[in-house]
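Residue numbers (our numbering): 18 to 436.
For every residue, glycine included, the Cβ atom is placed at its ideal position computed from N, Cα and C.
Bear in mind the structure is a predicted one, so any value in this text is a computation, not a measurement.
Report on one structure; see the data block that follows.
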Ligand SMILES: CC1=C(CCC(=O)O)c2cc3nc(cc4[nH]c(cc5[nH]c(cc1n2)c(C)c5CCC(=O)O)c(CCC(=O)O)c4C)C(CCC(=O)O)=C3C
Ligand SMILES: [Fe+2]
């Protein structure tokens, strides 16, 4: 796939013939023939309102979904892993281990299909709101690469982009590393003579579209277990572990650090309280971590979800509702580290685990992303939009502060920030 540009909201914009249009749509996984976008009347309607609707997303020429990426075939696994870990001290046996996880699923990570579905859903939400702004997709570590997507769009005359990242929290891995890769794409295009500018929506861990959706999904799962067993389950929230040093320095350069773990703690507690209000004060919950890598000598955030499951069994817990609040879709960490490994651990120690869905393409989450796009666009126009939050905490700044979530290895340029 060379240069897939998704524009599910505006197929009428195609210039290079029908074949090209089909490629572009399917490249981004937009709905096929049965799609409402294909019907002439809707396409015409969208053309009519294009000027109006685009005003809401000005000054941006396009919105681009920026994601991690993942392999889609066995032979793509090692190149993907090498790209992800280049310049980082990940031991070879860890890489071989992770490669096996991917090969157990036919060498295909689910993440790209999930992003295709998210693009289609966001395109539908845009269409519903009569927003005809093109919606593109670029990955950091696999095709379609962000640089290629931006190059293609720049070739069509687009210069200003708004990035929607598939990562909700603040840390080097979950925020600045995305910003560095965006900066690298911009630098490449600048060198090629087509400079572009990219802004980003704020980290959305406490935007209601993400946080309240998680709260509803957790409450629904806990209710289901209670109704079936007559007892309240224990809630186990899970997020990606990161090195202690990365957590210690997460957040604005002038702050106390530990923002990554604090954001997860705050959301976990808020969700538990919300679920308690519905299901009863006896409901308990805690935050755990998964997917640690790196050498054993390097401390990473704990407790590991598997260790906690073993301890919980000894404490007499029999039913757990496991909520992967650290992830936006059911990608490899979720289907392997949780649905495979943690489920095995739970079975070993006699705990029944119901895994909560990630926000994925939940309409409330997708609508929240559209709200975040409009919020950021209004800010870019120097307006002061409402910036809703839940749980209550400052909304994350749309322009990251200097030194925020630093790269502890090398200083690199990062886009979407004040430094
Ligand atoms: C915080 C965080 C998120 C959540 C935020 C976000 O979503 O961005 C995340 C997501 C993801 N991480 C992913 C994959 C990998 N992460 C690795 C390595 C690492 N992740 C880290 C952190 C995070 N990672 C860290 C501190 C490392 C070690 C150092 C380094 O290398 O930076 C490695 C290397 C091998 C290994 O060490 O395990 C792989 C293959 C995939 C794709 C999954 C798929 O294919 O479905 C996704 C969505
Ligand atoms: Fe990762």
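Got a sec? Which residues, its chain only, sit under 6 Å from residue i by beta carbon, not counting five neighbours each side?
| i | result |
| --- | --- |
| residue 269 | 418, 421 |
| residue 354 | 307, 308 |
| residue 61 | Only weak support is given to the placement of residue 61: the predicted model assigns it a pLDDT of 48, under 50, and the value that follows is read from those uncertain coordinates. Once the five neighbours on either side are set aside, residue 61 has no close Cβ partner at all. |
| residue 183 | 84, 345 |
Do the CB positions of residue i and residue j come within less than 8 Å of each other?
| i | j | result |
| --- | --- | --- |
| residue 151 | residue 397 | no |
| residue 374 | residue 234 | yes |
| residue 384 | residue 226 | yes |
| residue 243 | residue 249 | yes |
| residue 281 | residue 186 | yes |
| residue 169 | residue 349 | no |
| residue 292 | residue 304 | no |
| residue 274 | residue 265 | yes |
| residue 402 | residue 411 | no |
| residue 231 | residue 340 | yes |
| residue 389 | residue 193 | no |
| residue 149 | residue 71 | yes |
Candidates the options: which alpha carbon is nearest residue i's?
| i | options | result |
| --- | --- | --- |
| residue 424 | 188, 390, 357 | 188 |
| residue 363 | 330, 414, 178 | 330 |
| residue 370 | 164, 254, 404 | 254 |
| residue 92 | 79, 124, 109, 117 | 124 |
| residue 376 | 141, 224, 109, 145 | 224 |
| residue 351 | 166, 131, 244 | 131 |
| residue 407 | 290, 96, 436, 336 | 290 |
| residue 387 | 89, 153, 143, 86 | 143 |
| residue 159 | 222, 89, 107 | 89 |
| residue 156 | 172, 138, 198, 176 | 198 |
| residue 328 | 275, 121, 367 | 367 |
| residue 284 | 342, 426, 212 | 342 |
| residue 229 | 216, 95, 379, 430 | 379 |
| residue 213 | 392, 167, 220 | 167 |
| residue 434 | 216, 312, 399 | 216 |
| residue 207 | 176, 195, 221, 220 | 176 |
| residue 84 | 360, 195, 271 | 195 |
| residue 316 | 263, 179, 287 | 263 |
| residue 120 | 107, 108, 94 | 94 |
| residue 178 | 222, 106, 394, 405 | 394 |
| residue 404 | 222, 104, 360 | 222 |
| residue 365 | 382, 107, 335 | 335 |
Is residue i buried or exposed, if buried means 16 or more other CB atoms sit within 10 Å of its CB?
| i | result |
| --- | --- |
| residue 372 | buried |
| residue 181 | buried |
| residue 332 | exposed |
| residue 245 | exposed |
| residue 74 | buried |
| residue 80 | buried |
| residue 276 | buried |
| residue 431 | buried |
| residue 141 | buried |
| residue 138 | buried |
| residue 313 | exposed |
| residue 302 | buried |
| residue 96 | exposed |
| residue 271 | exposed |
| residue 325 | buried |
| residue 161 | buried |
| residue 110 | exposed |
Output needed for residue i: all residues of its chain with C-beta closer than 7 Å, excluding positions within five of it in sequence on either side, in chain order.
| i | result |
| --- | --- |
| residue 238 | 338, 371, 373 |
| residue 319 | 306 |
| residue 358 | 323 |
| residue 295 | 236 |
| residue 240 | 296 |
| residue 16 | Outside the displayed span of the chain (18 to 436) sits residue 16, for which this structure offers no information. |
| residue 400 | none |
| residue 278 | 264, 318 |
| residue 288 | 231, 232, 235 |
| residue 205 | 164 |
By Cβ distance, which residues of its chain are closer than 8 Å to residue i, with the 5 residues on each side in sequence left out?
| i | result |
| --- | --- |
| residue 69 | Here the model assigns residue 69 a pLDDT of 39, short of 50, so the residue's position is not dependable and the matter cannot be decided. |
| residue 102 | 112 |
| residue 127 | 87, 346, 347, 348, 349, 352 |
| residue 115 | 98, 310 |
| residue 163 | 81, 83, 155, 156, 157, 198, 199, 202 |
| residue 258 | 306, 307, 308, 309, 317, 318, 319, 321 |
Within the 8 Å Cβ cut-off, does residue i reach chain D?
| i | result |
| --- | --- |
| residue 417 | No chain D is present in this structure, which holds just one protein chain. |
Report task. Could you tell me which uninterrupted alpha helix (DSSP H) segments, each at least 4 residues in length, are contained entirely in the stretch 221-299, listed from first to last along the chain? Result -> 225-246, 261-265, 276-296
Requested in this report: Pick out the complete alpha helix (DSSP H) segments inside the stretch 305-367, 4 residues or longer, and give them in chain order.
Outcome: 322-331, 360-366
**Report entry** Unbroken stretches of the alpha helix (DSSP H), 4 residues or longer, contained in the stretch 101-189
**Finding:** 109-120, 128-145, 163-172
Query raised in the report: What runs of the alpha helix (DSSP H), each 4 residues or longer, lie entirely inside the stretch 362-397?
Result: 380-397
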